[in-house]
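Residue numbers (full-length UniProt numbering): 1 to 117. The beta-carbon is built from N, C-alpha and C at its ideal position, and this holds for glycine as well. None of these values were measured; they are calculated from a predicted model.
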């Protein structure tokens, strides 16, 4: 097992496809694709690429820490009780455990993710 992992931002293998959970859907009909690429530390750390079409959902991190790097697209994240923050290609951010808010995909977004938890 190599301790160095390159994240393929345009994977050639088929993604896992999903939709927003009904209880989290706010607006639109966003579709999600996930290209899981690595799992480590007894299934606690996950790395891959994720894509979403436009729509609006509730984001609830629970006990999960997530680092995101936007490859393409535009999103707006509004923490509960906070102001909206816009992220676009080249931007990176972290959602810490306990984060709740609204994730609005304005233009189809593709991101690299690393989750811990």
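Check, Outcome
"CA-CA distance, residue 11 and residue 35?", "7 Å"
"Taking the alpha-carbon positions, what's the residue 117 to residue 45 distance?", "7 Å"
"Could you tell me which residues DSSP puts in a beta bridge with residue 45?", "40 and 116"
"For residue 67, which residues of its own chain have a beta-carbon under 6 Å away from its beta-carbon, when the five flanking residues on both sides are left out?", "94 and 114"
"In this structure, how does DSSP classify residue 99 when only helix, strand and coil are distinguished?", "coil"
"Taking just the CA atoms, how far does residue 80 sit from residue 57?", "13 Å"
"Going along the chain, which residues of its own chain have a beta-carbon closer than 7 Å to the beta-carbon of residue 60, five neighbours each way excluded?", "100"
"What would DSSP say about residue 73, mapped onto helix, strand or coil?", "strand"
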